[in-house]
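Q:
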Amino acid sequence: MTENELSKIVFDAGLRVHNTLGVGLLESAYEECLYYELQKKQLFVEKQKSLPLIYESVKLDIGYRIDLMIERKLIVEIKSVEALNEIHLAQILTYLRLSNCKLGLLINFNTLLFKNGVKKVINGQL
């Protein structure tokens with residue numbers, strides 16, 4: 040399955056979670072429910088996946104965690120904030136670079152219209 044096909048499945052699952060729960064909850068609640076929805080689709084999903092930083096020959100386990108990694112191809116970063124900003128974009132771009140993934144979804148569940156809170160992010164593009 041391609042990254043784009045996976046992103047469509049994640050979008051649909053996120054929409055279901057958003058329609059069921061509404062806005063105003065903590066990120067952790069949306070993460071758990073989205074994880075559950077993706078598990079029902081029998082996808083390989085890693086939650087709070089540890090991401091080391093490698094600097095020259097040193098591997099640093101400094102606490103970076105990817106919210107969800109699907110099929111080792113797609114990163115999902117979940118937010119529940121008033122608005123996404125450049126720091127959120129920089130965070131997912133860094134995760135994409137460190138993990139060598141091509142595509143990520145930055146999802147803000149704190150929007151009235153779900154599609155307005157979803158941003159597709161491609162590794163190497165600002």
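Numbering (the numbering used here), first residue to last: 40 to 165. Every residue gets a Cβ at the ideal spot worked out from N, C-alpha and C, and that includes glycine. Since we're looking at a predicted model, the values are computed, not measured.
1. Please state whether the Cβ-Cβ distance between residue 146 and residue 157 is less than 8 Å.
2. Where does residue 45 land, buried or exposed, given buried means 16+ other C-beta within 10 angstroms?
3. Please classify residue 55: does DSSP put it in a helix, a strand, or coil?
4. Taking DSSP's pairing of strands, which residues face residue 142 in a bridge?
5. State yes or no: is the C-beta of residue 90 within less than 8 Å of the C-beta of residue 103?
6. Would you kindly work out how many angstroms separate the C-alpha atoms of residue 118 and residue 126, rounded to a whole number?
7. I'd like to confirm the pairing. Which residues does DSSP put opposite residue 89 in its beta bridges?
8. What do you get for residue 121, buried or exposed, if any count of 16 or more other CB atoms within 10 angstroms of its CB means buried?
9. Which class does residue 65 belong to by DSSP, given the choice of helix, strand or coil?
10. Could you check whether residue 107 and residue 137 sit closer than 8 Å to each other, using their CB atoms as the reference points?
11. When DSSP builds the beta bridges, which residues end up paired with residue 94?
A: So, from the data block:
1. yes
2. buried
3. helix
4. 113, 161
5. yes
6. 12 Å
7. 104
8. exposed
9. coil
10. no
11. 97
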